[in-house]
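Numbering (the working numbering), first residue to last: 149 to 284. Glycine included, each C-beta is placed from N, C-alpha and C at the ideal position.
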């Protein structure tokens, strides 16, 4: 977890130590404000690169609140796996933060498309094996 006030240097350190490479950025109320992953980092670097040198200054000191768009895509605890999967497909992303509820944007975790896919394949395999046993 990072804060809007965290610097880009803080974000790079966090991404380098994160096992998943997916970070959540919180606002002052501890609500989800943005997301950041390694792909987003390239966009952030590009935004800094186009700044004039007088505005760029020490690029590592820029705050995430200045560089990331707020209002991230997310799912709530009450949303189904189908909603999460469809949301990821619709937006071309592979993971989503999970928040308490639509009115309570405190993060509780994240869901990854690869994990959903693996679980579905496991389920399909068990169902097919069960059908094969029933048929014999």
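My guess is that residue 222 and residue 192 are in contact by the Cβ rule of under 8 Å, so how many angstroms apart are they, rounded?
For the purposes of this step, residue 222 is taken as the residue at position 74 of the chain shown. For the purposes of this step, residue 192 is taken as the residue at position 44 of the chain shown. Not really, about 20 Å apart at Cβ, beyond 8 Å.
Taking the CB atoms as reference points, tell me whether residue 181 and residue 174 lie closer together than 9 Å.
Here residue 181 is taken as the residue at index 33 of the chain shown, counted from 1. Here residue 174 is taken as the residue at index 26 of the chain shown, counted from 1. Cβ distance < 9 Å, so residue 181 and residue 174 count as in contact.
Verify whether the separation of the beta carbon atoms of residue 212 and residue 250 is less than 9 Å.
As a working note, residue 212 is residue 64 in the chain shown. As a working note, residue 250 is residue 102 in the chain shown. Taking 9 Å as the Cβ cut-off, residue 212 and residue 250 do not qualify as a contacting pair.
So what's residue 185 in DSSP terms, helix, strand or just coil?
The residue given as residue 185 occupies position 37 in the chain shown. Residue 185 falls in the strand class under three-state DSSP.
Buried versus exposed call for residue 268 [16 or more other C-beta atoms within 10 Å across all chains shown]:
Your numbering for residue 268 matches position 120 in the chain shown. By the neighbour-count rule (16 or more Cβ atoms within 10 Å), residue 268 is not buried but exposed.
Could you give the DSSP three-state label for residue 246: helix, strand or coil?
Translated into positions along the chain shown, residue 246 becomes position 98. Residue 246: strand per DSSP, three-state reduction.
Would residue 220 and residue 183 be called neighbours here (beta carbons separated by less than 9 Å)?
As a working note, residue 220 is residue 72 in the chain shown. As a working note, residue 183 is residue 35 in the chain shown. Taking 9 Å as the Cβ cut-off, residue 220 and residue 183 qualify as a contacting pair.
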